[in-house]
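Remember, the working numbering sits 2 above the position in the sequence shown when you count from 1.
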Amino acid sequence: MPSLNLLTVFNPSNYWRSGICSIPWQAIAQQFQISPEELVLSDLRDLSYQPLSAQIDRIDPEDPSRDTLVVQLPQPIPPGTEDNVLASTFIRVDRGKPIPLGIGEPYLEIVYGSDRRERGVRFVNNRLIIWFNLIPAPEDNERNWFSGSASSVQLDRQEMLDPFPAAMGEWVGQDPEKRCMQVNKLQLPGLSYPKSPYYQVSLFNHSYRLVSHSNGPVRATITIASEPFDYMGPDPITGHNRHLVCELYRVISLYAGADYLIEELFVKGKPKAQEDRVEGAEIVNLDFGLQYFAHMNMGQTQEIEQVFPVPDWFAVGSTAEPYAAYGLATNLHIESVTHPHEGNKSCFSWQLLPGKSAKCLHLFMRGQPQGFDARVGHYWYELIYRPLKAEIYQDTAVKSQIQKNRLVPA
């Protein structure tokens, strides 16, 4: 490895912060010639060389550029600047033995059917237990509209999607329709000629396949892909119509100690036939909009809180004990929030405006009748809008001066 085997970390806020930062792994592996099995990271300010919690996740085995190094910084780091000119701290990259997994760290369990196909995934940390469905009919009956949804969310061992029976200790007889985080529909650009507004795809009754999964000291994460669907529309580079076979990819992560999930979404298309390969890239990432759907029995709710003119998050909470609440934060603008959905007061839907990729945070809260919306806004700022960032250290005079001026003891 080079003598200066460092990562530079930037805090874009004007206050001290700790938390998670991520960086593409491929460039680090090429720069330092180090394997995931021997990677050890430590904060340069820590003279004891205590290893940081870190892991490398393979998001899409077909695309190594999406491999991601995720690092937990437990100690607050000083403010930097929004333009990432001033560094906040540095991470030392070494070879050694990574920290073994400990008790209480996030993990996941994959449940298979008799046909050996994945039916669902169970996420667990010390706050949340979440059951996520990969198939439309998890009860093997005619109710086949649960695909891609979390049908149970337990916060501190209490069910959040039907909270009133759960608060009284009742598990039998909860609403069989309860679910959240379901991507109900996708909207993709319509034909460029003849011109059409958009192309819509329904996903609630189509299975997902498990692309990859991993867990470590920082998070448990899965990548799933929707059933392939045909799409005829404009290539994002050439603008010419192409016939593609597309899949929605969803990367869902539960972090250590978190009461939220973070989800990243993108649509990947491949040419349908040989003639579609003539013009344009072999792999196409398309712009898309999406509609989320949830069925949560929250009783009487407060008005849904949404901030304008930057409508990137909202929160909804019950007015009665146990004061269950849910919040969504995203990097895409929220076009609309509908409640009640189709006249059902337990149903919610929200539409996101199109983008090349989406990053969404799903937050679950209880016992907080006031101020729950502020928590959603805070998470939006730190985890979506202004996350901690890292890059490979560049050995220049400017960077050396930054190191001299900014590095402070923990």
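Think of the CB as a built atom: it goes at the ideal place given N, C-alpha and C, for glycine as much as any other residue.
A buried status is given to W352, since no fewer than 16 other beta-carbon atoms sit within 10 Å of its beta-carbon.
8 Å or more divides the Cβ of S255 from the Cβ of T303.
For L385, the three-state secondary structure derived from DSSP is helix.
Out of V220, P313, D237, the CA that lies nearest to the CA of P100 is found in V220. F148 sits in coil when the DSSP states are folded into three classes, being neither helix nor strand. In the same chain as S198, and ignoring 5 residues on each side of it, the C-beta atoms closer than 6 Å to its own belong to G192, in chain order. Judged by pairs of C-beta atoms under 8 Å, the region 153-164 touches the region 176-187, as three or more such pairs exist. Restricting attention to S20, G301, I137, V378, the CA atom closest to the CA of N346 is found in G301. Per DSSP, A29 is one residue of the alpha helix (DSSP H) stretching across 27-34.
Beta-bridge pairing by DSSP links L334 to no other residue. A distance below 8 Å between beta-carbons, with the five flanking residues on each side excluded, links V11 to the following residues of its chain, in chain order: C23, L75, I79, A89, S90, T91, F92, I93, L390, K391, A392. Across the set A331, G319, I386, the C-alpha of G319 shows the shortest separation from the C-alpha of M367.
Judged by their CB atoms, L190 and P238 are not nearer to each other than the 8 Å cut-off. Annotation: the continuous alpha helix (DSSP H) that includes P165 extends over 165-169. Ranking I264, R159, G373, Y328 by CA distance to the CA of N128 puts R159 first.
Put simply, the backbone Cα of P165 is about 24 Å away from that of A258. Between the region 57-64 and the region 114-131, the count of C-beta pairs closer than 8 Å stays below three; the two stretches do not touch. Contact between the region 323-337 and the region 369-379 is established, with three or more Cβ pairs separated by less than 8 Å. Rounded to whole angstroms, the separation of the alpha carbons of L246 and S194 is 14 Å. Nearest to Q396 by alpha-carbon distance, out of R244, I30, L205, is I30. Per DSSP, R181 is one residue of the beta strand (DSSP E) stretching across 181-191.
Under the three-state reduction of DSSP output, V87 falls in the coil class, being neither helix nor strand. Within the model, the alpha-carbon separation for Q33 versus L71 is close to 14 Å. Counting the other CB atoms within 10 Å of its CB gives W315 a total of 16 or more, which places it among the buried residues. In terms of Cβ geometry, S348 and H380 do not form a close pair [threshold 8 Å].
Shortest Cα-Cα distance from E84 to any of N135, H208, N16 involves N16. Membership of M367 in the beta strand (DSSP E) is indicated by the continuous run 360-367. Assignment of F206 by DSSP, reduced to helix, strand and coil, places it in the coil class. In the three-state reduction of the DSSP assignment, A376 falls in the helix class. DSSP places E111 in the strand class (E or B) of the three-state scheme. Residue A283 holds the alpha-carbon nearest to the alpha-carbon of K274 among I132, A283, F148. A392 has V11 as its beta-bridge partners, per DSSP. For H242, no beta strand (DSSP E) segment is defined, and its DSSP state is neither H nor E. Spatial neighbours of E107 in its own chain (CB-CB distance under 8 Å, excluding positions within 5 residues in sequence) are listed in chain order as N127, N217, G218, P219, A258. D232: member of the beta strand (DSSP E) spanning 231-236, first to last residue. Less than 8 Å divides the Cβ of S228 from the Cβ of L250.
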